[in-house]
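Please read the structure below before turning to the comments.
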Amino acid sequence: MEQTNEQLKDQLKKQEKLASLGLLVAGIAHEVQNPLNFVINFSKMSDKLLADLSEILEDNEDKLSDDDREEVEDIITDLQENLKKITEHGERAVNIVRDILLVSRGKENEFIPTDICRIVKEYVWLSYHAMRANYKNFNITIHENYQEDIPQVMIIPQDLSRAVLNLMNNAFYAVWRKSQSASPDFQPEVKVSITSSNQQIIITIADNGEGMSDEVKAKLYENFFTTKPAGQGTGLGMGIIRDIIENKHGGSISFDSQAGEGTQFTLIIPIRK
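Letter 154 of the sequence shown, counting from 1, is numbered 206 in the working numbering, and no numbers are missing.
What follows is the structure, given as structure tokens:
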């Protein structure tokens, strides 16, 4: 009992820190969004100016030598490609900021029409970059398969994103742990898939990491149970994920895992009308 009280106290301290961190992140995200909007808008304006420049070049092509005209056309093409990339990555960054703000400020249990493939993809890669920042020489191959014709789905986006982030963190950690003792030819991989069938969304996240023992499987959803070293895990993640999928979304969560081989989680979420 005394140990449980200490665990609760530690968890409360962590929750207080997370609450403060959430406010800080929301503020940073809001401030970052404004310059991102400027970057995107000026990229689009510059692209239109290049289109005007191309028209002027066509009207005056007889005044330039063939070499000069070809060089100018190549420069315009390169600039258009660069601006396209700036706009594309700027819009991706805006989406990430929007998701962060949604997580930090979203109304509890509010179902919102959501592009589920986009939000899952964003949090897959957020988790990846977080692992890269925290674990030296972390690298992995991510295979993604998202069904293209899935319409927007009514979900609680801040909760589903939290579930995906936790599962991806666990998958990456399991693969990283295995890589520390595996043979040099071990190829770390995580596979993410989203499909729609029978009015359900099926999300699968599979890794070829260290897998789970029978003991870990039996205790997986217990509060405060974690296989991570002290200070790296709260032991609440899997319980929270199950609550999000089963209780909040009326879905189901299942897993298949073999020690030393890897783990696959399957989330099934009914499509709400």
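All residues carry an ideal CB built from backbone N, CA and C; glycine is no exception. Note that the structure is predicted; figures quoted are calculated from it, not measured.
query	result
Of the residues K300, N250, E241 and A270, which one's Cα is nearest the Cα of E262?	E241
Out of curiosity, what's the CA-to-CA distance linking E113 and D120?	9 Å
Just how far apart, CA to CA, sit M97 and R214?	36 Å
Just reading off the beta strand (DSSP E) that S231 is part of, what are its end residues?	No beta strand (DSSP E) holds S231; the alpha helix (DSSP H) holding it covers P209 to S231.
Quick one: Cα of S306 to Cα of K173, how far?	21 Å
Let me know the beta strand (DSSP E) ranges lying completely inside the segment 173-213, each 3 residues or longer, listed in chain order.	193-198 and 205-207
Assuming T247 and Q204 are in contact, meaning their beta carbons sit under 8 Å apart, how far apart are those beta carbons, in whole angstroms?	At roughly 16 Å, the Cβ-Cβ gap does not stay under 8 Å, so T247 and Q204 are not in contact.
Just the Cα atoms here: how many angstroms apart are N147 and E267?	40 Å
For P165, which option in I202, K269 and N299 has the closest C-alpha, if you only look at C-alpha atoms?	I202
Closer than 7 Å by C-beta to E143: which residues in its own chain qualify, once you throw out the five before and the five after it? Chain order, please.	I92
Is the beta carbon of A226 sitting closer than 8 Å to the one on I257?	no
Does DSSP classify F94 as helix, strand or coil?	helix
Is A311 helix, strand or coil when you go by DSSP?	coil
What is the residue span of the beta strand (DSSP E) that E267 lies within?	Note, E267: premise wrong, no beta strand (DSSP E); alpha helix (DSSP H) at D266 to K271.
Does the Cβ of A282 have 16 or more other Cβ atoms within 10 Å, making it buried, or fewer, making it exposed?	In this prediction, A282 scores a pLDDT of 47, lower than 50, which makes its location untrustworthy; no coordinate-derived value is stated.
Strictly by DSSP, which residues pair up with Q316?	A258 and D308
Can you grab the Cα-Cα spacing for the pair T129 / S309, in whole Å?	50 Å
What are the partner residues of S248, as DSSP defines its beta bridges?	I253
Quick check: the Cα distance between A145 and N218, rounded to an integer number of angstroms?	21 Å
DSSP state of P165, grouped into three classes?	strand
On the three-state DSSP scale, how would you describe E241?	strand
Report the three-state DSSP secondary structure of I293 (helix, strand or coil).	helix
Just grab the DSSP bridge partners of P322 for me.	Q252
Just mark F90 as buried or exposed, buried being the case when its beta carbon has 16 or more other beta carbons within 10 Å.	exposed
Which value, in whole angstroms, describes the spacing of the CA atoms of T193 and Y180?	10 Å
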